[in-house]
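The next block holds one structure in the form of structure tokens; read it before the comments.
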């Protein structure tokens with residue numbers, strides 16, 4: 001499944017969310033936006049969300065941000081699934097470690113870091129007023145796998161419970177894989193949001 005990479009552009013500042021592949025293609029799109037690339041934000045540390053980090057940092061001088069519990073994944077192929085997927089890429093350490101409740105400012109946008117462990121220990125969602133980047137915590141019709149090393153079914157169910165409490169139906173979800181949609185769409189289509197204990 002292809003990984004979604006997002007470019008958030010506000011008031012001449014840009015954040016790259018989950019640059020999994022094709023750094024040159026991403027960089028060409030950045031040049032068209034004509035802003036300063038401030039951050040590279042990883043919603044978690046799996047290789048399909050971080051493999052373009054090093055090259056994009058070299059090209060843009062942007063800071064790499066990841067939750068502190070996934071920091072080691074950014075540089076350890078055995079933990080970030082690079083060895084599992086057979087890929088060899090340049091890996092680079094994060095510049096800033098995130099914690100639950102942190103605010104990331106990109107131009108006029110404010111992204112709140114919501115720690116949503118389960119897919120990995122340091123998985124996060126990034127919440128703005130009208131949209132959320134959800135990484136591999138939740139897709140419109142499913143959730144991230146928990147059978148990889150460091151995954152936890154118990155934790156991801158707790159994260160889903162928390163998201164149900166804080167996300168309005170109208171907020172747009174931009175997931176790590178698959179199509180975007182409203183949280184209302186997810187509540188209708190995602191069977192994991194129908195569990196009785198959520």
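Numbering (the UniProt record's numbering), first residue to last: 1 to 198. For every residue, glycine included, the Cβ atom is placed at its ideal position computed from N, Cα and C.
Nearest-angstrom Cβ-Cβ length linking residue i and residue j, presumed shorter than 8 Å
{"i": "residue 14", "j": "residue 33", "result": "6 Å"}
{"i": "residue 111", "j": "residue 93", "result": "About 22 Å separates the two Cβ atoms, so there is no contact after all."}
{"i": "residue 135", "j": "residue 18", "result": "7 Å"}
{"i": "residue 172", "j": "residue 130", "result": "6 Å"}
{"i": "residue 150", "j": "residue 38", "result": "The pair is not a contact, with the Cβ atoms about 29 Å apart (cut-off 8 Å)."}
{"i": "residue 139", "j": "residue 43", "result": "Going by Cβ atoms, the distance from residue 139 to residue 43 rounds to 12 Å, so no, they are not a contact pair."}
{"i": "residue 115", "j": "residue 46", "result": "Contact flag wrong, Cβ pair sits at about 16 Å."}
{"i": "residue 52", "j": "residue 20", "result": "6 Å"}
Contact check, residue i vs residue j, beta carbons under 8 Å
{"i": "residue 96", "j": "residue 58", "result": "no"}
{"i": "residue 7", "j": "residue 29", "result": "yes"}
{"i": "residue 147", "j": "residue 117", "result": "no"}
{"i": "residue 121", "j": "residue 69", "result": "yes"}
{"i": "residue 192", "j": "residue 142", "result": "yes"}
{"i": "residue 176", "j": "residue 3", "result": "yes"}
{"i": "residue 90", "j": "residue 54", "result": "yes"}
Beta-bridge partners of residue i, as assigned by DSSP
{"i": "residue 181", "result": "173"}
{"i": "residue 135", "result": "175"}
{"i": "residue 110", "result": "105"}
{"i": "residue 115", "result": "124"}
{"i": "residue 15", "result": "8 and 39"}
{"i": "residue 140", "result": "Paired residue(s): none; residue 140 is not in a bridge."}
Coarse secondary structure for residue i, derived from DSSP in three states
{"i": "residue 21", "result": "coil"}
{"i": "residue 154", "result": "helix"}
{"i": "residue 97", "result": "strand"}
{"i": "residue 51", "result": "coil"}
{"i": "residue 28", "result": "helix"}
{"i": "residue 186", "result": "helix"}
{"i": "residue 71", "result": "helix"}
{"i": "residue 146", "result": "coil"}
{"i": "residue 79", "result": "coil"}
{"i": "residue 192", "result": "helix"}
{"i": "residue 130", "result": "coil"}
{"i": "residue 59", "result": "helix"}
{"i": "residue 33", "result": "helix"}
For residue i, the first and last residue of its enclosing alpha helix (DSSP H)
{"i": "residue 8", "result": "Note, residue 8: premise wrong, no alpha helix (DSSP H); beta strand (DSSP E) at 6–10."}
{"i": "residue 67", "result": "It is not in any alpha helix (DSSP H) - residue 67 instead sits in the beta strand (DSSP E) that spans 63–67."}
{"i": "residue 46", "result": "Per DSSP, residue 46 belongs to no alpha helix (DSSP H) and is neither H nor E."}
Residue i beta carbon near the ligand PLP (any heavy atom closer than 7 Å)
{"i": "residue 68", "result": "This structure simply doesn't include the ligand PLP, nor any ligand for that matter."}
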